[in-house]
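Under this note's numbering, the first residue of the sequence shown is numbered 4, with each subsequent residue one higher.
Glycine is no exception: its CB is placed at the ideal position from the N, C-alpha and C atoms.
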Amino acid sequence: MTDIQQLVQRYQEENLALPIWFEEGTLKVIDQTKLPFSEEIMTCSTVEDLGEAIRSMQIRGSGAIGICGAYGLYLAALVSNGDPEAVKEAGVLLKSTRPTAVNLMKTVDEMTAAIKGAGQELIEVMEAKAVEILERQLAFEYELGRNGAELIEDGDTVMTHCHSGALGGAGYGGRALSVIRTAHEQGKNIHVITCETRPYLQGARITAYELKKFGIPHTLITDNMSGFCMSTGRIDKVVVGSDRVSANGDLANKVGTYMHALAAKEHHIPFYTATSSHTIDFETPSGADIEVEMRDASEVTHLKGIAIAPEGTDALYPSFDITPNALISGIITEKGVISAPYSTNLKKVNAEADKVSQ
4 MTDIQQLVQR YQEENLALPI WFEEGTLKVI DQTKLPFSEE IMTCSTVEDL
54 GEAIRSMQIR GSGAIGICGA YGLYLAALVS NGDPEAVKEA GVLLKSTRPT
104 AVNLMKTVDE MTAAIKGAGQ ELIEVMEAKA VEILERQLAF EYELGRNGAE
154 LIEDGDTVMT HCHSGALGGA GYGGRALSVI RTAHEQGKNI HVITCETRPY
204 LQGARITAYE LKKFGIPHTL ITDNMSGFCM STGRIDKVVV GSDRVSANGD
254 LANKVGTYMH ALAAKEHHIP FYTATSSHTI DFETPSGADI EVEMRDASEV
304 THLKGIAIAP EGTDALYPSF DITPNALISG IITEKGVISA PYSTNLKKVN
354 AEADKVSQ
């Protein structure tokens with residue numbers, strides 16, 4: 004049994020979600036566009052197949068597409084019979100699919116760096132590195148879940164936006180749902196308000212789907228109801244995921260996050276982002292320097308292929324928005340909960356962690 008096969012078996016034994024896995028020489032992906040009514044598995048035989056699955060949102064979530072970078076380069080090594088140039092080309096292709104999410108970029112870079120010195124053992128090196136990355140991401144989810152759960156009190160109602168859960172991560176709870184799931188498993192009586200998240204409805208389709216599986220009480224609202232819910236005392240805390248955190252603590256997350264943060268600030272409600280240290284981009288000084296992915300207007304004018312606006316209507320779809328660090332109460336990571344001033348404290352925590360690992 005290979006390392007990858009052992010990893011898949013472990014996931015099955017521990018009842019963890021598998022957003023993507025390797026089976027019989029191909030990648031298997033849960034098609035997230037079909038959830039919650041159909042749990043369909045699609046097969047990616049080539050890196051091009053995987054790239055299209057990422058572009059089309061069949062697999063999404065910062066942690067999950069980071070894993071795609073690892074598995075994708077391993078797949079490229081196998082298909083090319085260990086050709087390092089083919090593996091590098093696969094990395095370039097995958098990095099072009101979703102420009103805002105930094106996890107994919109970092110994972111591809113880490114896999115590519117492992118090519119040097121691999122020689123004839125390239126396939127084995129790619130496999131070992133892919134398993135290492137996935138196990139590390141899963142460990143991060145458990146740790147940030149424990150750290151974040153300390154902020155959740157018994158009886159809290161927690162609002163989240165989009166889907167930052169197991170299928171968007173490494174299998175336990177992704178980012179935000181790692182915090183929520185851990186608090187629930189600790190026996191805290193919590194309730195979750197999940198925003199539907201237009202235009203892809205990830206909150207309605209996938210977050211509610213996972214919360215039901217976890218047995219966590221929840222209520223679905225439309226995105227434009229969050230201000231009302233906050234103003235009427237229905238929300239105690241907000242916890243969202245992250246696709247990138249800049250060096251100064253600005254947050255790139257699913258579009259709509261910024262308006263929720265503004266409402267939370269107005270009503271003195273703590274607003275947290277849950278992330279891994281891997282998602283903190285010290286090469287990007289602030290949110291103004293983050294490239295925001297602009298998606299096709301048809302994703303706004305159509306819902307599952309059905310037009311919801313008159314033909315010829317112009318539409319705008321920035322996939323993410325930027326929440327300034329001043330609106331963030333804390334950044335939950337596997338290394339602890341980091342508070343302002345973020346420009347100083349993010350670097351400090353990162354440096355301390357590097358010392359421990361040396």
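With a contact defined as Cβ atoms closer than 8 Å, Val195 and Thr163 qualify at about 6 Å. With contact defined as three or more Cβ pairs closer than 8 Å, the segment 324-332 and the segment 265-281 are in contact.
When beta bridges are read from the DSSP output, Tyr203 appears opposite no residue. Per the Cβ contact rule, the segment 139-148 is not in contact with the segment 243-259 (fewer than 3 Cβ pairs under 8 Å). Counting along the chain, His281 sits inside no alpha helix (DSSP H), nor does DSSP assign it H or E at all. The beta-carbon distance between Val111 and Lys98, rounded to whole angstroms, is 5 Å. This is short enough to meet the 8 Å contact definition. For the pair of segments examined, the segment 280-294 was found not to touch the segment 305-318: the number of CB pairs separated by less than 8 Å stays below three.
Taking every protein chain shown into account, the CB of Gln9 has fewer than 16 other CB atoms within 10 angstroms, so this residue is exposed. Distance check between Lys240 and each of Leu223, Thr225, His270 and Asn251 places His270 closest, using alpha-carbon atoms only. Of all C-beta pairs linking the segment 216-231 to the segment 177-196, three or more are shorter than 8 Å, placing the two stretches in contact. Beta bridge pairing from DSSP links Thr197 with Thr163 and Leu223. Met297 carries a strand assignment under DSSP once its states are collapsed to helix, strand and coil. In this structure, Tyr175 lies away from Asn251, with their beta-carbon atoms at least 7 Å apart. For Ser342, the CB contacts under 7 Å within the same chain, skipping 5 residues up- and downstream, are Gly333 and Asn348 in chain order. Residue state for Ile331 is assigned as coil, using DSSP reduced to three classes.
Between the alpha carbons of Gly171 and Pro22 lies a distance of about 7 Å. Separation of His166 and Ile57 (C-alpha to C-alpha, rounded to the nearest whole angstrom) is 15 Å.
Out of Gly85, Glu156, Arg101 and Glu92, the CA that lies nearest to the CA of Val128 is found in Gly85. Shown here, Leu349 sits in a helix according to DSSP, grouped into three states. CA-CA distance, Met233 to Ile272, rounds to 8 Å.
Leaving aside the five residues that flank Gln61 on each side, the residues in its chain whose CB is nearer than 7 Å to its CB run, in chain order, Val32, Asp34, Gln35, Thr36 and Met45. Thr326 and Phe217 have their C-alpha atoms some 29 Å from each other. From the listed residues Thr185, Glu302 and Arg201, the smallest Cα separation to Leu214 is found for Thr185. Every beta strand (DSSP E) stretch that sits fully inside the segment 218-269 and reaches 3 residues is listed by chain position as 221-224, 240-243, 247-249 and 254-257.
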